[in-house]
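Here's the structure we're looking at; comments come further down.
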Ligand code: PAF
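In the working numbering, the protein residues as written are 133 to 425.
Written out as structure tokens, the structure reads:
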């Protein structure tokens with residue numbers, strides 16, 4: 133496992149380009165089982181490069197950029213047994229060599245949900261992901277489905293800027309009690325950790341209603357919002373059609389159900405991606421089925 137820090141070091145990746153796709157797993161470190169599942173998914177495709185970079189551009193004023201957990205030694209120890217070919221650990225000056233450089237503006241799928249409450253967040257995400265694609269030049273990149281809107285916003289960028297990279301979204305990994313794994317879960321103490329379960333419970337209730345035949349979006353979002361009331365602040369309980377990012381009145385077809393809430397001191401998100409028919413619903417990936425961006 134090579135540790136690459138500079139643009140010059142990335143020349144080493146050329147020996148990995150060949151018959152199998154070079155796969156990038158972008159992360160901000162503070163790795164957990166969710167990230168490790170992305171690396172395992174990536175390794176099934178070809179040689180893997182994991183990037184670890186806490187991207188200042190995607191944190192807003194007052195967000196947790198300074199406090200974001202950083203422990204490179206621990207991250208490298210977790211990655212080593214999975215055998216990635218390389219870990220790219222650039223510093224801020226490598227990724228942002230000049231102030232005021234070009235940024236990437238997101239498309240339609242940045243509207244609403246996290247895009248509404250985190251001004252500039254997706255511009256920061258797209259700008260760094262475009263730079264990582266330019267630096268590493270992967271054939272394939274693997275992202276976590278837990279950040280569903282992020283996956284869709286990145287897929288729109290790849291489509292609209294015609295970037296030569298394929299994307300895969302890998303399933304959310306959960307704690308045994310249902311909490312979606314997140315680097316920010318380590319902010320949660322006993323009571324907050326317990327209340328954080330309201331996100332996965334809200335989605336579970338939505339799923340039960342849908343399985344029971346409920347197709348009115350308003351009824352499903354109201355049920356999710358009620359359960360999210362256990363948090364300190366409900367940011368959203370939202371439903372979007374994957375095809376066109378519209379808010380349907382009735383649930384049908386490939387659909388994202390997404391929730392966000394503050395459980396102090398953390399801001400948490402979770403989601404469910406479903407194919408909904410008259411007969412029932414089944415979980416599905418976000419990308420690659422021909423009906424997303
Ligand atoms: O999902 C993340 O960890 C980050 O948003 C990403 C994609 C690595 C960009 O900084």
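Note that CB positions come from ideal geometry on N, CA and C, so glycine has one too.
ask   = Taking 6 Å as the line, does the beta carbon of residue 403 fall inside it for any heavy atom of the ligand PAF?
value = no
request  = Use the C-beta contact count for residue 396: other C-beta atoms within 10 angstroms, 16 or more gives buried, fewer gives exposed.
outcome  = exposed
inquiry  = Quick check on this structure: which residue in 176, 168, 150 and 185 has the alpha carbon closest to the alpha carbon of residue 135?
reply    = 185
task = Note down the Cα distance separating residue 208 from residue 214, rounded to an integer number of angstroms.
result = 10 Å
task = Output yes or no for whether 7 Å exceeds the beta carbon distance between residue 347 and residue 382.
result = yes
query = At a cut-off of 6 Å, is residue 160 close to the ligand PAF when judged by its beta-carbon and the heavy atoms of the ligand?
reply = yes
request  = May I ask you to check if the CB of residue 203 is nearer than 6 Å to at least one heavy atom of the ligand PAF?
outcome  = no
Closer than 6 Å: residue 219 CB and nearest the ligand PAF heavy atom = no
message = Can you give me the C-alpha to C-alpha distance between residue 376 and residue 228, rounded to a whole angstrom?
response = 33 Å
task = Could you tell me whether the segment 192 to 207 touches the segment 320 to 334, where touching means 3 or more Cβ pairs closer than 8 Å?
result = no
inquiry  = By DSSP's criteria, residue 108 is part of a beta bridge. Which residues make up the other side?
reply    = Nothing can be reported for residue 108, as the shown portion of the chain is limited to 133 through 425.
key: Cβ pair count under 8 Å reaching 3, the segment 270 to 281 against the segment 150 to 164   = yes
request  = Output yes or no for whether 7 Å exceeds the beta carbon distance between residue 362 and residue 330.
outcome  = yes
ask   = In the structure shown, what three-state DSSP assignment does residue 188 receive?
value = helix
message = Are the CB atoms of residue 288 and residue 425 within a distance shorter than 7 Å?
response = yes
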